[in-house]
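Student:
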Amino acid sequence: MTSRKRPWPNLFIVARKLAEYEAKRDFKRTPEPGAKVPRKETRAPRFVVQEHHARRLHWDFRLEKDGVGVSWAVPKGIPPDPKKNHLAVHVEDHPLEYFKFAGEIPKGEYGGGQVLIWDEGTYDPIKWSDREVMVVLHGKRLNGRYVLFQTRGKDWMIHRMDPPQDPDRQPMPQKLEPMLAKLSSKLPTPDDAWGFEFKWDGIRAVAFVDGGIVRLQSRTGENITPRYPEIHAMGRALGSSEVILDGEIVALDEKGRPSFEEIQQRMGLTAEPDIRRKMKEVPVTYMIFDVIWQDGHSLMDQPYTDRRQALAKLKLGGASWQTPPYEKGGGQTMKDASAKAGLEGVMAKKLDSKYEPGRRSGAWQKVKNRNRQELVIAGWLEGEGKRRGYPGALLVGYYDKGKFVYAGKVGTGFTDAILEDLNKKLKPLAADKSPFDAGAPPRAAHFVKPKIVAEFEFVEWTRGGQLRAPAFKGFRNDKAAKDVVREGG
Ligand code: MN
Numbered sequence: 033m034t035s036r037k038r039p040w041p042n043l044f045i046v047a048r049k050l051a052e053y054e055a056k057r058d059f060k061r062t063p064e065p066g067a068k069v070p071r072k073e074t075r076a077p078r079f080v081v082q083e084h085h086a087r088r089l090h091w092d093f094r095l096e097k098d099g100v101g102v103s104w105a106v107p108k109g110i111p112p113d114p115k116k117n118h119l120a121v122h123v124e125d126h127p128l129e130y131f132k133f134a135g136e137i138p139k140g141e142y143g144g145g146q147v148l149i150w151d152e153g154t155y156d157p158i159k160w161s162d163r164e165v166m167v168v169l170h171g172k173r174l175n176g177r178y179v180l181f182q183t184r185g186k187d188w189m190i191h192r193m194d195p196p197q198d199p200d201r202q203p204m205p206q207k208l209e210p211m212l213a214k215l216s217s218k219l220p221t222p223d224d225a226w227g228f229e230f231k232w233d234g235i236r237a238v239a240f241v242d243g244g245i246v247r248l249q250s251r252t253g254e255n256i257t258p259r260y261p262e263i264h265a266m267g268r269a270l271g272s273s274e275v276i277l278d279g280e281i282v283a284l285d286e287k288g289r290p291s292f293e294e295i296q297q298r299m300g301l302t303a304e305p306d307i308r309r310k311m312k313e314v315p316v317t318y319m320i321f322d323v324i325w326q327d328g329h330s331l332m333d334q335p336y337t338d339r340r341q342a343l344a345k346l347k348l349g350g351a352s353w354q355t356p357p358y359e360k361g362g363g364q365t366m367k368d369a370s371a372k373a374g375l376e377g378v379m380a381k382k383l384d385s386k387y388e389p390g391r392r393s394g395a396w397q398k399v400k401n402r403n404r405q406e407l408v409i410a411g412w413l414e415g416e417g418k419r420r421g422y423p424g425a426l427l428v429g430y431y432d433k434g435k436f437v438y439a440g441k442v443g444t445g446f447t448d449a450i451l452e453d454l455n456k457k458l459k460p461l462a463a464d465k466s467p468f469d470a471g472a473p474p475r476a477a478h479f480v481k482p483k484i485v486a487e488f489e490f491v492e493w494t495r496g497g498q499l500r501a502p503a504f505k506g507f508r509n510d511k512a513a514k515d516v517v518r519e520g521g
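Residue numbers for the sequence shown follow my numbering, beginning at 33 and rising by one.
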């Protein structure tokens, strides 16, 4: 019998079992061997993987060998798939007592941070040299053959040799277009077939999390990770879970409401010192509302309610990320609450609907308290008085089956900084001819190539297809001009 977990009591039992054997013999007289409890145990050697929340999250992999724990620090964790090798940095041998260590190393001490036992068990050694270690692991989580091999100095790689433990495991997609919502003027019916969430007014972002590392992707597929450093720590909270999340990055105004005007101050920044400075002034929060992928499996075909349940289990709530709840039914109450809180509106999601990447299927609907949509800026009218030298009004449009349609003039909603910005952005795009294929823009306008997308608020669409009482709300660097279509009304 070998014992995997508690060798000491086992030795005690061995000693007691040998007591009778010992009592019957006088070892000064007999050549038989004494009842010496073997100092070296005959059990299989142990392994442990400790999740270590040090300055950088990593996993410590230790193999019992000749009375010590031979150790590697693995920044991305033990690879579940033979297709993916992970770096494993060879570190100093640890005492065997360390295999049972879990707890908090004080801040400021070497390796300060929490240590959890991620997996433990025994292993069969297959091959052991200075440069290559091959083992078969028998753990609670890990089972199968692994090899560690030296690449350079202390740098080794760890590779799974057996097929993935989970035979249906798929590699995580690297890109994903988020599902889109149809604009609706009314709450959908029947009320109890829908889930309702608050609509967050910010930047849509899909988060890919693997090995404790977060990668944020914009709606257009751009990598926006460096722009939002406060969200990176979410990777730690997820540990070794592999997930794709969907959500909205928001900035709160002084009243604690998500403000598109505020987030704009963050979304354009790319230089690290600027981002770090602005982070203190305009911190962001990632509002998570979906989980699309988990540990080698797509959740896209599961109904919304199941995905929300999986999301709730992740317990994602931190300083800079939240999982706001949804309500089954009760759309009107949610909408009233959203208006009272000064929010943009509600999202209605069909309870039994799948996640359809890149599609606007109608299973998701946005119901806004005011009308709002993105439009492309394609010209301006000269300002007068105080606005001389700046745009007095913008000419905006949208695409309809490839044709660029004039939607009206927008003369309000600009701060001085935005007017400066507009001048900088629009002047280099000057065009001789009107870019509009349909509608009647004023002739005295300065036209520009239709590249700049911005968001506008307005009362309604007129029968002639013009915006009534529109106001500028902010630039949308995250949207491509070609994708701007009339959303409803
Ligand atoms: Mn460590």
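Glycine residues also receive a C-beta, built at the ideal position from the N, C-alpha and C atoms.
#1: Rank Ala-86, His-191, Ile-324 by C-alpha distance to the C-alpha of Gly-140 and give the top, closest one.
#2: Between which residues of its own chain and Leu-383 is the CB-CB distance below 7 Å, once the five residues before and five after are set aside?
#3: Quick check: Trp-91 and Leu-180, are their CB atoms within less than 8 Å of each other?
#4: Near Lys-37, which residues of its chain fall below 7 Å by C-beta distance, leaving aside the five closest residues on each side in sequence?
#5: I need the straight-line Cα distance from Gly-176 to Arg-259, nearest angstrom please.
#6: Using 7 Å as the cut-off, classify the Cβ of His-84 as near or not near the heavy atoms of the ligand MN, replying yes or no.
#7: On the three-state DSSP scale, how would you describe Ile-307?
#8: Can you list, in chain order, the stretches of the beta strand (DSSP E) that have 3 or more residues and sit fully within the segment 85-127?
#9: In whole angstroms, what separates the C-alpha of Ala-395 from that of Glu-388?
#10: Starting from Phe-321, trace the beta strand (DSSP E) in both directions and tell me its first and last residue.
#11: If you run the structure through DSSP and keep just helix, strand and coil, what is Gln-182?
#12: Using three-state DSSP, classify Lys-433 as helix, strand or coil.
#13: Is the closest heavy atom of the ligand MN to the C-beta of His-90 under 7 Å?
#14: So what does Pro-423 bridge to, in DSSP terms?
#15: Are there 16 or more other CB atoms within 10 angstroms of the CB of Ala-344, so buried, or fewer, so exposed?
#16: Any chance the segment 461-469 sits against the segment 494-513, with 3 or more Cβ pairs inside 8 Å?
#17: Between the beta-carbon of Ala-120 and the beta-carbon of Phe-93, is there less than 8 Å?
#18: Could you compute how far the alpha carbon of Lys-505 sits from the alpha carbon of Gly-429?
#19: State the DSSP-derived secondary structure class of Ser-291, mapped to helix, strand or coil.
#20: Ignoring anything shorter than 3 residues or poking outside the segment 221-254, list the beta strand (DSSP E) runs there in chain order.
#21: Starting from Trp-188, follow its DSSP beta bridges and name the residues at the other end.
#22: Gly-521 to Ile-137, Cα distance in whole Å?
Tutor: Reading it off the structure:
#1: Ala-86
#2: Ala-225, Trp-226, Gly-227, Pro-335, Tyr-336, Thr-337, Lys-360
#3: no
#4: With a pLDDT of 46 at Lys-37, under the threshold of 50, the modelled position of this residue cannot be trusted; read the value that follows with caution. So no residue of the chain qualifies.
#5: 40 Å
#6: yes
#7: helix
#8: 89-97, 100-106, 118-127
#9: 9 Å
#10: 316-326
#11: strand
#12: coil
#13: yes
#14: Glu-414
#15: exposed
#16: no
#17: yes
#18: 15 Å
#19: coil
#20: 226-230, 235-242, 245-250
#21: Ala-120, Gln-182
#22: In this predicted model, Gly-521 has a pLDDT of only 48, less than 50, meaning its place in the structure is not dependable; the value taken from the coordinates is given anyway. Gly-521 and Ile-137: Cα-Cα distance of roughly 59 Å.
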